[in-house]
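Residue numbers (our numbering): 95 to 279.
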(Lines of atoms letter the chains of each structure in order from A and count residues from 1; the text may use other names and numbers.)
(Lines give C-alpha, C1' and ligand atoms only; values in the text may rest on other atoms or scores of the structure.)
Protein backbone atom coordinates (compact mmCIF):
# COMPACT_ATOMS: atom_id res chain seq x y z
CA UNK A 1 0.00 0.00 0.00
CA UNK A 2 1.33 3.43 -0.94
CA UNK A 3 1.56 6.08 1.79
CA UNK A 4 -0.51 9.24 1.64
CA UNK A 5 1.14 12.54 0.79
CA UNK A 6 0.95 14.04 4.31
CA UNK A 7 2.65 10.96 5.76
CA UNK A 8 5.30 11.18 3.05
CA UNK A 9 5.92 14.84 3.88
CA UNK A 10 5.89 14.36 7.66
CA UNK A 11 8.50 11.60 7.51
CA UNK A 12 10.65 13.03 4.72
CA UNK A 13 14.36 13.20 5.43
CA UNK A 14 17.42 12.88 3.27
CA UNK A 15 18.85 9.38 3.61
CA UNK A 16 22.25 9.31 5.27
CA UNK A 17 23.34 6.35 3.12
CA UNK A 18 21.84 4.75 0.00
CA UNK A 19 22.43 1.38 -1.63
CA UNK A 20 20.87 -0.90 -4.23
CA UNK A 21 18.27 -1.54 -5.29
CA UNK A 22 17.45 1.66 -7.12
CA UNK A 23 13.97 2.22 -8.51
CA UNK A 24 13.18 -0.17 -11.36
CA UNK A 25 11.73 1.03 -14.66
CA UNK A 26 8.12 1.26 -13.45
CA UNK A 27 9.00 3.07 -10.22
CA UNK A 28 11.39 5.41 -12.05
CA UNK A 29 8.63 6.21 -14.56
CA UNK A 30 6.30 7.13 -11.67
CA UNK A 31 8.98 9.29 -10.05
CA UNK A 32 9.77 11.14 -13.29
CA UNK A 33 6.06 11.65 -14.07
CA UNK A 34 5.56 13.06 -10.57
CA UNK A 35 8.30 15.58 -11.38
CA UNK A 36 6.66 16.49 -14.68
CA UNK A 37 3.39 17.22 -12.84
CA UNK A 38 4.92 20.05 -10.82
CA UNK A 39 3.29 23.48 -10.86
CA UNK A 40 4.55 25.25 -13.93
CA UNK A 41 3.52 28.84 -14.55
CA UNK A 42 3.20 29.20 -18.30
CA UNK A 43 3.23 25.44 -19.03
CA UNK A 44 6.84 25.70 -20.17
CA UNK A 45 7.90 22.30 -18.77
CA UNK A 46 11.36 23.72 -17.98
CA UNK A 47 12.66 20.50 -16.39
CA UNK A 48 15.11 18.11 -17.95
CA UNK A 49 15.89 14.73 -16.37
CA UNK A 50 19.19 12.91 -17.00
CA UNK A 51 19.06 9.41 -15.49
CA UNK A 52 22.47 8.10 -14.45
CA UNK A 53 23.00 4.44 -13.59
CA UNK A 54 25.99 2.14 -14.00
CA UNK A 55 28.12 3.72 -16.76
CA UNK A 56 26.18 6.98 -16.50
CA UNK A 57 27.36 7.47 -12.94
CA UNK A 58 30.92 6.91 -14.19
CA UNK A 59 30.40 9.62 -16.83
CA UNK A 60 29.34 11.98 -14.03
CA UNK A 61 32.23 10.87 -11.81
CA UNK A 62 34.81 11.52 -14.52
CA UNK A 63 33.26 14.89 -15.39
CA UNK A 64 33.28 15.92 -11.73
CA UNK A 65 36.99 15.05 -11.49
CA UNK A 66 37.79 16.98 -14.70
CA UNK A 67 35.83 19.98 -13.40
CA UNK A 68 37.71 19.84 -10.08
CA UNK A 69 41.07 19.62 -11.89
CA UNK A 70 40.08 22.53 -14.12
CA UNK A 71 39.13 24.66 -11.09
CA UNK A 72 42.07 23.51 -8.92
CA UNK A 73 44.94 22.47 -11.25
CA UNK A 74 47.11 21.20 -8.40
CA UNK A 75 44.44 18.77 -7.12
CA UNK A 76 45.95 15.55 -5.81
CA UNK A 77 44.94 12.10 -7.01
CA UNK A 78 43.32 11.59 -3.61
CA UNK A 79 41.20 14.74 -4.06
CA UNK A 80 40.19 13.73 -7.58
CA UNK A 81 39.23 10.23 -6.41
CA UNK A 82 37.19 11.80 -3.61
CA UNK A 83 35.40 13.93 -6.20
CA UNK A 84 34.70 10.88 -8.40
CA UNK A 85 33.37 8.93 -5.41
CA UNK A 86 30.51 11.43 -4.97
CA UNK A 87 28.80 9.97 -8.05
CA UNK A 88 28.92 6.49 -6.50
CA UNK A 89 27.01 7.28 -3.31
CA UNK A 90 23.76 5.93 -4.74
CA UNK A 91 22.85 3.31 -7.34
CA UNK A 92 20.96 5.92 -9.38
CA UNK A 93 21.23 9.68 -9.80
CA UNK A 94 18.81 11.86 -11.70
CA UNK A 95 20.37 15.17 -12.71
CA UNK A 96 17.45 17.61 -12.78
CA UNK A 97 18.06 20.75 -14.80
CA UNK A 98 16.11 23.86 -15.68
CA UNK A 99 16.02 24.72 -19.35
CA UNK A 100 15.10 28.41 -19.31
CA UNK A 101 12.96 29.97 -22.00
CA UNK A 102 14.61 33.41 -22.27
CA UNK A 103 12.47 36.48 -22.84
CA UNK A 104 9.30 34.68 -21.83
CA UNK A 105 6.70 36.49 -19.73
CA UNK A 106 7.37 33.91 -17.00
CA UNK A 107 10.50 35.21 -15.25
CA UNK A 108 13.59 33.01 -15.09
CA UNK A 109 13.31 32.61 -11.32
CA UNK A 110 9.80 31.18 -11.68
CA UNK A 111 11.03 28.69 -14.26
CA UNK A 112 13.79 27.56 -11.89
CA UNK A 113 11.35 27.35 -8.98
CA UNK A 114 9.10 25.10 -11.09
CA UNK A 115 12.05 22.73 -11.47
CA UNK A 116 12.61 22.85 -7.70
CA UNK A 117 8.95 21.87 -7.27
CA UNK A 118 9.53 19.00 -9.72
CA UNK A 119 12.41 17.75 -7.55
CA UNK A 120 10.23 17.89 -4.43
CA UNK A 121 7.49 15.93 -6.20
CA UNK A 122 10.08 13.34 -7.21
CA UNK A 123 11.36 13.05 -3.64
CA UNK A 124 7.86 12.52 -2.28
CA UNK A 125 7.02 9.98 -5.01
CA UNK A 126 10.24 8.07 -4.28
CA UNK A 127 9.43 8.06 -0.57
CA UNK A 128 5.89 6.85 -1.22
CA UNK A 129 7.34 4.01 -3.29
CA UNK A 130 9.73 3.03 -0.49
CA UNK A 131 12.96 4.56 -1.81
CA UNK A 132 15.38 6.93 -0.12
CA UNK A 133 16.72 10.14 -1.62
CA UNK A 134 19.36 12.81 -1.22
CA UNK A 135 19.17 16.21 -2.95
CA UNK A 136 22.73 17.26 -3.80
CA UNK A 137 24.33 20.06 -5.79
CA UNK A 138 27.84 21.35 -5.08
CA UNK A 139 30.30 22.94 -7.48
CA UNK A 140 29.66 20.28 -10.12
CA UNK A 141 26.08 21.49 -10.59
CA UNK A 142 27.37 24.82 -11.89
CA UNK A 143 30.25 23.59 -14.00
CA UNK A 144 30.09 23.64 -17.83
CA UNK A 145 32.25 20.49 -18.05
CA UNK A 146 29.66 18.53 -16.07
CA UNK A 147 26.74 19.98 -18.04
CA UNK A 148 28.38 19.03 -21.33
CA UNK A 149 29.16 15.49 -20.14
CA UNK A 150 25.49 15.04 -19.24
CA UNK A 151 24.29 16.31 -22.61
CA UNK A 152 22.87 19.52 -21.20
CA UNK A 153 23.11 22.92 -22.81
CA UNK A 154 25.57 25.43 -21.32
CA UNK A 155 22.63 27.68 -20.32
CA UNK A 156 20.80 24.88 -18.48
CA UNK A 157 20.80 25.17 -14.70
CA UNK A 158 21.32 21.97 -12.72
CA UNK A 159 18.95 22.32 -9.79
CA UNK A 160 19.59 18.90 -8.25
CA UNK A 161 21.52 15.72 -8.41
CA UNK A 162 18.76 13.55 -6.98
CA UNK A 163 20.38 10.48 -5.48
CA UNK A 164 17.99 7.51 -5.42
CA UNK A 165 18.22 4.07 -3.84
CA UNK A 166 17.29 2.07 -0.80
CA UNK A 167 18.00 3.85 2.47
CA UNK A 168 20.62 1.87 4.40
CA UNK A 169 20.80 4.60 7.01
CA UNK A 170 17.78 6.85 7.39
CA UNK A 171 18.30 10.56 7.87
CA UNK A 172 16.89 12.47 10.79
CA UNK A 173 13.46 14.01 10.24
CA UNK A 174 13.58 17.73 10.93
CA UNK A 175 10.97 19.26 13.23
CA UNK A 176 8.60 21.55 11.37
CA UNK A 177 9.12 24.59 13.60
CA UNK A 178 7.14 27.62 12.51
CA UNK A 179 7.95 29.96 15.41
CA UNK A 180 8.86 33.36 14.02
CA UNK A 181 8.35 32.22 10.41
CA UNK A 182 4.64 32.95 10.00
CA UNK A 183 3.07 36.39 10.09
CA UNK A 184 -0.33 37.87 9.37
CA UNK A 185 -0.55 41.57 8.56
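Using N, Cα and C, we set each Cβ at its ideal position, and we do this for glycine too. Since we're looking at a predicted model, the values are computed, not measured.
Secondary structure within the region 100 to 149: the alpha helix (DSSP H) runs of 4 or more consecutive residues, fully enclosed, are 119 to 130 (chain order). Burial state of residue 99 is exposed, judged by a 10 Å Cβ sphere holding fewer than 16 other Cβ atoms. The beta carbon of residue 264 sits closer than 8 Å to those of 107, 109, 110, 226, all from its chain and outside the five residues before and after it, given in chain order. In this structure, the beta-carbon distance from residue 102 to residue 215 does not fall below 7 Å. Under the three-pair Cβ rule at 8 Å, the region 231 to 245 does not count as touching the region 118 to 127.
Between residue 141 and residue 254, the C-beta spacing is not below 7 Å. Secondary structure in the region 178 to 229: the alpha helix (DSSP H) runs of 4 residues or longer, each lying completely within the stretch, are 202 to 222 in chain order. Selection 228, 146, 188, 258 evaluated against residue 266 yields 228 as nearest (Cα-Cα). Scanning its chain for C-beta atoms nearer than 8 Å, with the 5 sequence neighbours on each side dropped, one finds around residue 248 the residues 238, 241, 242, in chain order.
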